[in-house]
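Let me begin by presenting the structure, written as structure tokens, before commenting on it.
Numbering (the numbering used here), first residue to last: 33 to 292.
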């Protein structure tokens, strides 16, 4: 009488896998493990880079103000080297060329008041003077403007914002959802305009009646790299655990075959 147990695993009812199948499983496991470890290690470097960036930007934003880049420096202005730099501007506001950009802030929904400032060298910089409610003297700026004559403004340098993804700027209707410097300058007929704008701080117009509320810039960089690296390393560990159970199962099957 033939013992049928010689062809089956005593645990699962299946014979051991052949050499080719085991080699393919091992290769798959090695590839997955190496891939997950590489992704996790990459996230370790990204986490260090992001933390350094955040610390650098915060130090830049809280440093004493320096003169904002002039026309000769405009070509070299970048987000990496200049965004959120604490800068100082001296000149006169062109209140009649202000633009109102829809905003959502901690104060609620309203508008940013973006006004060009003509510097002493004749160049222009768009200054986000701050937040106002939609009812602020009428949306088109019918209320009294800010301080007349020469002013000194401090604030954070910001890089021009691209058009919105869900809501697009409509210059023809004067509806704005992003602070797109080039588009605003073209709509207002402005020449020799800096490629950046400045978020005015709260102190610049503190003594001006009915002035927009400055100093509301939110400096926030998403930093999910720690959770990403934990996820990738956990998946690498799962591959090891899966390999252990597969190996143990194969070993038991082969022992079962020998004892049958």
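Note that CB positions come from ideal geometry on N, CA and C, so glycine has one too.
1) Assign residue 244 to buried or exposed, taking buried as 16 or more other Cβ atoms, counted over all protein chains shown, within 10 Å of its Cβ.
2) In chain order, which continuous runs of the alpha helix (DSSP H) of length 4 or greater are located wholly inside the stretch 52-127?
3) DSSP three-state label for residue 148, please.
4) If I follow the unbroken beta strand (DSSP E) through residue 213, where does it start and stop?
5) In whole angstroms, what is the alpha-carbon distance linking residue 123 and residue 262?
6) Please state whether the Cβ-Cβ distance between residue 198 and residue 157 is less than 8 Å.
7) In whole angstroms, what is the alpha-carbon distance linking residue 110 and residue 226?
8) For residue 64, collect the residues of the same chain with a Cβ closer than 6 Å to its Cβ; drop the 5 residues on either side in sequence, then sort them by chain order.
9) For residue 156, report the span of its beta strand (DSSP E) as first-last.
10) Per the DSSP calculation, residue 207 is bridged to which residue(s)?
11) With H, G and I counted as helix, E and B as strand and the rest as coil, what does DSSP make of residue 234?
12) Work out the CA separation of residue 136 and residue 143 for me, nearest whole Å.
13) Taking buried to mean at least 16 other C-beta atoms within 10 Å of its own C-beta, is residue 351 buried or exposed?
14) Run the CB neighbour count on residue 201, radius 10 Å, all protein chains shown included, and call it buried at 16 or more, exposed below.
15) For residue 132, list the residues DSSP reports as bridge partners.
16) Are at least three pairs of beta-carbons, each pair with one atom in the stretch 97-115 and one in the stretch 219-235, less than 8 Å apart?
17) In terms of residues, what are the limits of the beta strand (DSSP E) holding residue 190?
A quick look at the data gives this:
1) buried
2) 111-114
3) Under the three-state reduction of DSSP, residue 148 is assigned to strand.
4) Unbroken run through residue 213 is the alpha helix (DSSP H), 213-220; no beta strand (DSSP E).
5) 51 Å
6) no
7) 12 Å
8) If we look at residue 64 and ignore the five residues flanking it on each side, its Cβ neighbours are 271.
9) 156-164
10) Answer is 202.
11) coil
12) 8 Å
13) It is not possible to answer for residue 351, since the shown part of the chain is limited to 33 through 292.
14) buried
15) 145
16) yes
17) Here the beta strand (DSSP E) through residue 190 covers 182-191.
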